[in-house]
Amino acid sequence: MTAPTFNTAATAYNIAINGGGTISAATATTFSNTGTLTLAGTTAFTKGVTAIAPSGISLNGTVTAANTGVITLGDSDTGVSVTGNSTVGGTSTGNITLGAASLADNVTLTVGGGAYAANITLSTVTGTANGLSSNFTINTTGTVSVGTVGTDIGTVTVTRSGGTTFNSTVSAATITLSDSTAASSITFSGNVTASSGLSAAGTANAYNVIFNGVSNTIASTTTLSNTGTVTLVSGSGSSTFSGGVTATAPSQVNIGGTINSSNATISIGDSNTPITLTADSTISGNTAGNIILGGTIDGAFALTLNTVGDTRLQGAVGGTTALTSLTTNTGGSVVISGGSVRTTGTQTYGDAEFLLGANTTLTTTSNGNISIAGDITNTSTRNLTLDTGLVSGTISVTGTVGSAYGVALGTITISKSAGTTFASSVDAATITISDSKASTAITFSGNVTATTGLTVTGTANAYNVVFNGSSNTIAGATTFSNTGTVTLGNGGDTTTFTGGLVATAPSQVNIGGTVQATDSTISIGDAGTPTVLTANSVISAGNGAITLGGTVNGAFTLDVNTTGTTTFSGVIGGSTALTSLTTN
1185 MTAPTFNTAA
1195 TAYNIAINGG
1205 GTISAATATT
1215 FSNTGTLTLA
1225 GTTAFTKGVT
1235 AIAPSGISLN
1245 GTVTAANTGV
1255 ITLGDSDTGV
1265 SVTGNSTVGG
1275 TSTGNITLGA
1285 ASLADNVTLT
1295 VGGGAYAANI
1305 TLSTVTGTAN
1315 GLSSNFTINT
1325 TGTVSVGTVG
1335 TDIGTVTVTR
1345 SGGTTFNSTV
1355 SAATITLSDS
1365 TAASSITFSG
1375 NVTASSGLSA
1385 AGTANAYNVI
1395 FNGVSNTIAS
1405 TTTLSNTGTV
1415 TLVSGSGSST
1425 FSGGVTATAP
1435 SQVNIGGTIN
1445 SSNATISIGD
1455 SNTPITLTAD
1465 STISGNTAGN
1475 IILGGTIDGA
1485 FALTLNTVGD
1495 TRLQGAVGGT
1505 TALTSLTTNT
1515 GGSVVISGGS
1525 VRTTGTQTYG
1535 DAEFLLGANT
1545 TLTTTSNGNI
1555 SIAGDITNTS
1565 TRNLTLDTGL
1575 VSGTISVTGT
1585 VGSAYGVALG
1595 TITISKSAGT
1605 TFASSVDAAT
1615 ITISDSKAST
1625 AITFSGNVTA
1635 TTGLTVTGTA
1645 NAYNVVFNGS
1655 SNTIAGATTF
1665 SNTGTVTLGN
1675 GGDTTTFTGG
1685 LVATAPSQVN
1695 IGGTVQATDS
1705 TISIGDAGTP
1715 TVLTANSVIS
1725 AGNGAITLGG
1735 TVNGAFTLDV
1745 NTTGTTTFSG
1755 VIGGSTALTS
1765 LTTN
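If you read the sequence shown in the numbering used here, its first letter stands for residue 1185, the second for the next number, and so on.
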């Protein structure tokens, strides 16, 4: 049908244009009939078309407009039944509005005219239950607003857009995001269900992808290759990618809730893709999936990482904006390769292994505790610095340090703390204790090996240093400059300072076992530093001199062995008599 004009009256009759045609009226065509409207074939309304009066619209073909022509088919009272593959669009840049669209089995509805910037508004898009799946495609450079999409929808495709917003739930087998204009966003405001999968293509246009739903479930492996930003979850919602998710191409990944996989890898960020927390967040790989966070991580929120697989932090954490806390669960391993982790509150690492992939500093800025449950390891020599401040933040290391893989740590530094405990063995080249809160202790409960040396700094805070391991070996000349107490052994232990020992600054030195040096000087105590025996003890220096400069008390035996000079400068047993004193 070709007509220069087309007029309808406002009565209840039906209109069917079954063969398509061109209506080139000088103004937009308006269907005023209140019966049904059927459009089949290719129908071109040059100046546009409005059909909101009909009781229903049946579409099986193509409806176009030109120039700035507007297409309006249906409204809240008039739905659109799509009975065959159909396209609504054309060369017009005018708006396109569709009422609730109901798609027949195995039908594809396409809205938009491709490169033409028509803005599109759709009420809802639904398929037909219990039949063949139907498909829905968006193809425009204008903006798109869509209501609920679901009920037996096969594929939802955004071929292109100037920004698309799905305002309600989207349920489909597959969601394919092919392109959108640079800096525009494809936003899912409601819950998303993709039972077969979802993908976002990388193009020359850096478009954004945003999931704002409370509960999103996406099957299979998901790869987001767009180079704009990605928001995987927001508003403390949840997004489950059953086959895992990879988001390393975007310019930034925002996380504000829970991200899950079903034992599959979650890989987010890289050296060019930072991660920003927008709410307290949890990332879970379940019992086997690895979690790889490849970029920097910032945001004043808590982050929990749960997997029995590997957790890899490859960028600095909290470098720009400190996290409030960081927690990893039990089992698996955590690999720190980004150089630093900074939180205001606690850092809790529950994994069986804490592997240093780079020299690393762990810092809590507002007195949070640092707790490392597993073994601290490195496959090549790395340094570790721990800092919880001087108010109330404690440091607790339960596993061994540096004994795995046959590679000791380089330098382990206690920068500041309100008490530090190493529950198992510590194996490092150098141990440096810089400061701790007054009256708190840096305690080594297991064996300590420092192949280069131990440095204990004197500060305004009188902190204590305790060695309770059964066999400790400290290379080089060691000086305890802290002004709290020093404890060397707690009963039958042996502590060897190969280059000698000076402990005259502490307020007291407790000895409970053997303290020895390799042909080097041992100087313990002075007029202000008493020595207290807490078990039968031996002090041995080979041919080095031994000086006990303060008082010595304790109801235990003391053997002092050296071929050099032994000097007692204080009273022996004045407060508590020794059971015996022997010099060789």
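Backbone N, C-alpha and C fix where the C-beta goes; we use that ideal spot for every residue, glycine too.
Reference residue i; option with closest CA among the options
i, options, result
"Ser1426", "Thr1432, Ser1445, Ser1265", "Ser1445"
"Thr1569", "Gly1733, Ile1615, Gly1590", "Ile1615"
"Asn1553", "Thr1252, Ala1536, Gly1684, Gly1529", "Gly1529"
"Asn1645", "Gly1386, Val1376, Leu1574, Ala1196", "Leu1574"
"Gly1637", "Ala1659, Gly1225, Thr1371", "Ala1659"
"Thr1760", "Thr1751, Thr1335, Thr1741, Gly1347", "Thr1741"
"Ala1613", "Ser1517, Val1591, Ala1687", "Val1591"
"Leu1672", "Ser1665, Leu1539, Gly1653, Thr1633", "Gly1653"
"Ala1212", "Ala1634, Gly1232, Gly1583", "Gly1232"
"Tyr1300", "Thr1292, Ser1318, Ile1280", "Ile1280"
"Leu1221", "Phe1752, Ala1237, Phe1628", "Ala1237"
"Thr1324", "Ser1355, Ser1307, Asp1363", "Asp1363"
"Ile1723", "Thr1735, Ala1739, Leu1765, Thr1713", "Leu1765"
"Gly1297", "Thr1271, Phe1320, Thr1312, Ser1286", "Thr1271"
"Thr1371", "Thr1365, Asn1389, Thr1358, Phe1350", "Phe1350"
Buried/exposed call for residue i, threshold 16 Cβ in 10 Å
i, result
"Ala1689", "buried"
"Val1755", "exposed"
"Gly1315", "exposed"
"Asp1261", "exposed"
"Val1522", "Strictly speaking, residue 1522 in this sequence is Gly, with Val absent from that position. Burial call: buried."
"Asn1727", "exposed"
"Ser1599", "buried"
"Ala1194", "exposed"
"Ser1753", "exposed"
"Ser1418", "buried"
"Thr1252", "exposed"
Backbone secondary structure at residue i - three-state DSSP
i, result
"Tyr1197", "coil"
"Tyr1533", "strand"
"Gly1479", "coil"
"Gly1590", "helix"
"Phe1190", "coil"
"Leu1287", "strand"
"Val1492", "coil"
"Asp1261", "coil"
"Ala1384", "strand"
"Gly1338", "strand"
"Leu1361", "strand"
"Thr1688", "coil"
"Val1266", "strand"
"Phe1215", "coil"
"Leu1717", "strand"
"Ala1542", "coil"
"Thr1312", "coil"
Endpoints, beta strand (DSSP E) assigned at residue i
i, result
"Gln1498", "Careful: Gln1498 lies outside any beta strand (DSSP E) and carries neither H nor E."
"Gly1594", "1593-1600"
"Gly1419", "1413-1425"
"Gly1232", "1232-1235"
"Thr1569", "1568-1571"
"Leu1742", "1741-1745"
"Thr1321", "1318-1323"
"Ile1520", "1517-1520"
"Val1693", "1692-1701"
"Ala1431", "1429-1431"
"Gly1469", "1465-1470"
"Ser1721", "1721-1724"
"Asp1611", "1610-1617"
"Ser1759", "Premise fails: Ser1759 is in no beta strand (DSSP E) and is neither H nor E."
"Phe1752", "1750-1752"
"Gly1132", "For residue 1132 there is no data in the structure shown, the boundaries of the chain being 1185 and 1768."
"Phe1664", "1662-1664"
"Ser1707", "1706-1708"
"Val1769", "The structure shown does not extend to residue 1769, since the chain is modelled only from 1185 to 1768, so the question has no answer here."
In DSSP terms, what residue i is bridged to
i, result
"Val1799", "With the chain running from 1185 to 1768 in the structure shown, residue 1799 is simply not present."
"Leu1223", "Ile1201, Leu1243"
"Phe1651", "Phe1628, Leu1672"
"Thr1527", "Leu1507, Thr1548"
"Asp1454", "Thr1457"
"Ser1369", "Asn1392"
"Thr1633", "Asp1611, Thr1657"
"Gly1274", "Ala1249"
"Leu1306", "Leu1282, Val1330"
"Thr1512", "Leu1489, Tyr1533"
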